[in-house]
Amino acid sequence: MRSFVDLGLFLAAVALGIGTVLPMVGGVRSTEIPLSGLRDGYPSGDPTSLAVADLPLYEALAVPLAAASVLLLIAALFDSVVTGWAGVILALSVCVAAAVRIFQSHGDYLAENHSTALTNQNGFVLLVSGTLVGLMCCLVSLRRPSRQPA
């Protein structure tokens, strides 16, 4: 891969890593959202109902996001296209599934209170931007493979 692709993957990994611990929606962090909610759905109402008190870290939504961040970091450090794609696909699938499930259960509330519920949610912005930058870097690496020594 090219050096700017590695730099982009590194920046995407940093964005995903930081976005994992910042608020996603309604002041709720991904470390407080249960991972099983992607499968079962979340309770409707106020977005603060997404948070579960005393949730073990291994059951939180932050685990696959942190794993995607680590995969992107490994891809950037060791110049691995396959690891980069694995990290991007994992991050993209978790972000899309979480957004769909959250909007299924809290879409009306978020539409009515978007000025307060969606402001200062830097975690969501960093997760989405890191995922998109990682995707663009992986697409560039497919389009322009690095030169092989003759």
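If you read the sequence shown in the numbering used here, its first letter stands for residue 1, the second for the next number, and so on. Positions of the beta carbon are idealized from the N, C-alpha and C atoms, including for glycine.
Burial state of residue i, where buried means 16 or more other Cβ atoms lie within 10 Å
| i | result |
| --- | --- |
| residue 59 | exposed |
| residue 142 | exposed |
| residue 4 | exposed |
| residue 115 | exposed |
| residue 131 | buried |
| residue 41 | exposed |
| residue 77 | exposed |
| residue 19 | buried |
| residue 50 | buried |
| residue 53 | exposed |
| residue 45 | exposed |
| residue 36 | exposed |
| residue 111 | exposed |
| residue 119 | exposed |
Rounded Cβ spacing between residue i and residue j (contact assumed at less than 8 Å)
| i | j | result |
| --- | --- | --- |
| residue 48 | residue 28 | 6 Å |
| residue 134 | residue 9 | 6 Å |
| residue 61 | residue 33 | 4 Å |
| residue 38 | residue 97 | 5 Å |
| residue 16 | residue 127 | 6 Å |
Per DSSP, cross-strand counterpart(s) of residue i
| i | result |
| --- | --- |
| residue 60 | 34 |
| residue 23 | 29 |
Residue i (DSSP reduced to helix, strand or coil)
| i | result |
| --- | --- |
| residue 54 | coil |
| residue 47 | helix |
| residue 2 | coil |
| residue 79 | coil |
| residue 107 | helix |
| residue 116 | helix |
| residue 41 | coil |
Residue i: CB within 7 Å of a non-hydrogen atom of the ligand PLP
| i | result |
| --- | --- |
| residue 44 | The ligand PLP is not part of the structure shown, which contains no ligands of any sort. |
Three or more C-beta pairs below 8 Å linking the segment 72 to 86 and the segment 22 to 40: no
Validate contact between the segment 97 to 112 and the segment 66 to 76 using beta carbons, cut 8 Å, 3 pairs: no
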